[in-house]
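Here is the structure we will look at, set down as structure tokens.
In this note's numbering, the protein residues as written are 39 to 1109.
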């Protein structure tokens, strides 16, 4: 069947902001789908609220709408664009749920839009737990014994029949949101309530526990003619009970017999046929009882998923691209496989002759109050993937790619603990999985535990345990040996098992450089193999490469001028998709200018690791050893380190020392901006201003230095990203606690003490410098005042309260600093403005997380401009000399994972906690901010009762806000001090008790759903602790709340735009 002639325009719904459970893998699949459809001459219309995506670049689709994703907004776009079809399978659960809403509201029927890729019936059958169970039963597949509940009462009735523990799975949610494992009545009630609340259909599945069973996934693709292929099988190292997104996974499956694999394969195809997924990729999850081999089906996703991205990167087969083409009528046999240069059709099942390991990346350190035990609700924020010729090799490469300070199976347990203490520790860490369980498994082997005993505790398949035990035995054999005594064969043996130079240096008590030099002198170097989808049966024209210690190298480097871009590694809070966006733009610009582009990265979710983003892709960990070997082989003209966040910057100095040609801003200039003393000298020389500050090199001197600066203080370690371990302290007692608990202070990692500028307005400025001239990319005024991390604060471009004079001064100061630092490329500066005084908070001569937002708001791709400056083009040559000030307003709003972590305080502060962002566009600040709030999942409150409680410094400002709310029809309640100030201004306001003042108090009102808006500002540890329950209950009851006065004012302004009237096509705004 050739492509359908009746489909000429397609609307794609994106996935929205990056959240836990739905990350940048949907930018990868959406960007691929856009490209695939445009290749076929289809007009592509796209809606997505996330500006940090490649798919929302003006060139990705014919019409792009950066708007909130809900059916009412999508209807407006359909009315304008009149697409022939809607493709909802590329945007995760967000897109599927929105598509179902469009069907239910009759929108698709009204405008005659056909849903392609998956029908409503197929989505319903796969996502509705009850329909899915019935369907599986009809084709003879077993599901765990379970029942459906739509209320707490129904849930209790069913639970009495199946006992504890039970697994609870809400319908139509992603990443296991709202689900969990209940071992007792209290947990059961808590999870059921949360699950019913988060499920859009108020439906949960309560199933009997299959904890400890082995878990598998099959990635399957089907076309209209019922051709089905398995892309790959994936096996979870962690057994059932840990969400697959939080589990270490391996492809292909390692512990299935051929017979079991064939049974599972047939079952996967039967599921697709039964559900009725006519075209595209799906993911089917199974569990197998390790005792008797019984197989049950857990669930299926009728769309591309997180696992699809992993399977695409693991095999080289572009699932999303093929799925998009199948959706417009093609069949698998009509499409060619790009990787083999068209030698094979897409119906040719991928075969792989290597092993792929994925390990999740967690950031529990950002949420110390969170439960860090893993369950069926996903908690990881990113992942790393590695490829090797054996499980051990790919596993150890993945461990070092995580960037958590480990080089392999590093020791984390103090082996001098007493026997009883060790036993207690291992019982907890092995039985109750946490982020570090795999290292505890390794340490248990070191402590003499048998494989059988560890299996009893973990239920990890004995095959994987045997592999880990073998690595520990190999490590133990190295103890006492010297590096100079190792032969080339011994080195090669160790490298084939995946041991890094750094790990070997630790075991052999020497340095990484010494190990690397000895290895290279002996000729022990990696070769590079190609990912070709066909296990070398056909030659591959695509340079998608991974390292291994074998004989034949398939890299075939060219002699063209090359630019290497170092990616950002696994996503984490503080370093996410924004940096990948910059890396992709650098590769695009260099490619457009005739350079051969080489990407090095290890994140399977991203567009940067798509095989056709760059000319050559090395899927390798971003460590000194791994990067240097590629550079020795490829001999590039330049290496870009300033686009991938802190990851490549941490390598800049050592790479420079190894004569690697780093282009753009020099590592010394980057260091100058980070080094407090050198930077202060520069600022003084330029006659600019910083908040009073000092540097403490030990805990003792910090008290005296703090007294010189004055409280309150912002305290933080130097050289961090995302405000890691950053706090505001209010007195000496607070500072002493911070120095003792939060950080380890040394000469090499001092603590920075800065005077906190309370009530100051914070501003971010992104700029590009070519070494001589400076282009201001954009000025962003933060909505939350200083003290909230810039990555968490909402911001407006252009600024919405700053005078033209202040804006001019900011631009001049940025220009002075960029030239003085010798910046070539991007630079981000953060200012605080108090009255008419401008203070410089920090300067980062590298890509910042606001670059994609500024690029979308101004229509100028800043990262591309910067990359061209780095290879010697001036701003004048690029015709980029004038700042673009748009005639519309863009607001960036942050998205937080607090709902995933019961017990965590949702207050904002100087340490970054957001996982993603959205963008609102409007003709006014109020319209843009309203859209930002809606896109971030918030509600703009309708008139009802508003609760106000502010610290003394904000009492002056609360009156205007109270009056504005009162005038808009809100009833006001406030705590004692705040109520007096409001009443004194003759505004009607009722006093309500604080929690410690007796009942009924404000938290009772929130729990009774009497409150619709909360403005609650606090300072000092005890006040923050006292008001914690207010914020937490507001979150649990979906009450709009803000913890800053400026946030309250902005919310008030947004109330005039509760209903979205206009949607804006990005390309039209930039004309």
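From the three backbone atoms N, C-alpha and C, an ideal C-beta is built for every residue, glycine too.
Nothing here was measured: the structure is a model prediction, and the numbers come from that model.
Buried versus exposed call for residue i [16 or more other C-beta atoms within 10 Å across all chains shown]
i: residue 329; result: exposed
i: residue 77; result: exposed
i: residue 40; result: exposed
i: residue 815; result: buried
i: residue 501; result: exposed
i: residue 1038; result: exposed
i: residue 467; result: buried
i: residue 1127; result: This structure does not reach residue 1127, given that the chain is present from 39 up to 1109, and the question cannot be answered.
i: residue 11; result: Look at the range of the chain in this structure, 39 to 1109, and you will see that residue 11 is not part of it.
i: residue 742; result: exposed
i: residue 820; result: buried
i: residue 118; result: exposed
i: residue 86; result: buried
Beta-carbon proximity list for residue i, same chain, < 6 Å, skipping 5 on both sides
i: residue 396; result: 287, 348, 421, 423
i: residue 207; result: 217, 243
i: residue 802; result: 818, 828, 868, 888
i: residue 656; result: 583, 638, 668
i: residue 307; result: 266
Euclidean distance between Cα positions of residue i and residue j
i: residue 64; j: residue 129; result: 6 Å
i: residue 1042; j: residue 1086; result: 22 Å
i: residue 925; j: residue 92; result: 24 Å
i: residue 932; j: residue 135; result: 22 Å
i: residue 732; j: residue 948; result: 18 Å
i: residue 1052; j: residue 750; result: 25 Å
i: residue 963; j: residue 1031; result: 35 Å
i: residue 1080; j: residue 155; result: 40 Å
i: residue 891; j: residue 484; result: 49 Å
i: residue 557; j: residue 695; result: 19 Å
i: residue 1082; j: residue 837; result: 18 Å
i: residue 705; j: residue 712; result: 11 Å
i: residue 862; j: residue 687; result: 15 Å
i: residue 630; j: residue 807; result: 21 Å
Beta-carbon proximity list for residue i, same chain, < 7 Å, skipping 5 on both sides
i: residue 681; result: 603, 617, 620, 621, 624, 885, 901
i: residue 160; result: 313, 314, 315, 340
i: residue 196; result: 185, 187, 244
i: residue 310; result: 258, 260, 266, 320
i: residue 1002; result: 1090
Opposing strand residues paired with residue i [DSSP bridges]
i: residue 732; result: 791
i: residue 266; result: 260
i: residue 185; result: 244
i: residue 113; result: The partner list for residue 113 (beta bridge, DSSP) is empty, contrary to what the question assumes.
i: residue 802; result: 818, 868
i: residue 321; result: 257, 339
i: residue 957; result: 930
i: residue 206; result: 218, 244
i: residue 1103; result: 103
Spatial neighbours of residue i in its chain, beta-carbon cut-off 8 Å, leaving aside the 5 residues before and after
i: residue 939; result: 405, 407, 408, 409, 417
i: residue 993; result: 1015, 1016, 1019
i: residue 99; result: 50, 72, 76, 82, 83, 84, 93
i: residue 989; result: 1055, 1056, 1057, 1061
The ligand NAP heavy atom lying under 7 Å from the CB of residue i
i: residue 151; result: You won't find the ligand NAP in this model; it holds no ligand whatsoever.
Handout entry: Segment contact, 8 Å Cβ cut-off, at least three pairs: the stretch 403-411 with the stretch 361-374
Key = no
Problem - Meets three-Cβ-pair contact criterion under 8 Å: the stretch 630-638 and the stretch 566-573 - result: no
Problem - Three-pair Cβ contact test at 8 Å for the stretch 482-494 versus the stretch 523-531 - result: no
Exercise for the section: Determine, using beta-carbon pairs with one atom in the stretch 960-980 and one in the stretch 1084-1104, whether at least three such pairs fall under 8 Å. Expected result: yes
Exercise for the section: Would you check if there are 3 or more beta carbon pairs closer than 8 Å linking the stretch 375-386 to the stretch 183-195? Expected result: no
Exercise for the section: Could you say if the stretch 805-813 and the stretch 914-923 meet the contact criterion of at least three C-beta pairs nearer than 8 Å? Expected result: yes
Problem - Cβ contact (3+ pairs, closer than 8 Å) linking the stretch 268-279 and the stretch 221-240 - result: no
Exercise for the section: Give a yes or no on contact between the stretch 715-730 and the stretch 854-866, applying the rule of three or more CB pairs nearer than 8 Å. Expected result: yes
Handout entry: Inter-stretch contact (C-beta, 8 Å, three-pair minimum) for the stretch 81-100 and the stretch 41-49
Key = yes
Problem - the stretch 434-454 contacting the stretch 539-546, beta-carbon criterion three pairs below 8 Å - result: yes
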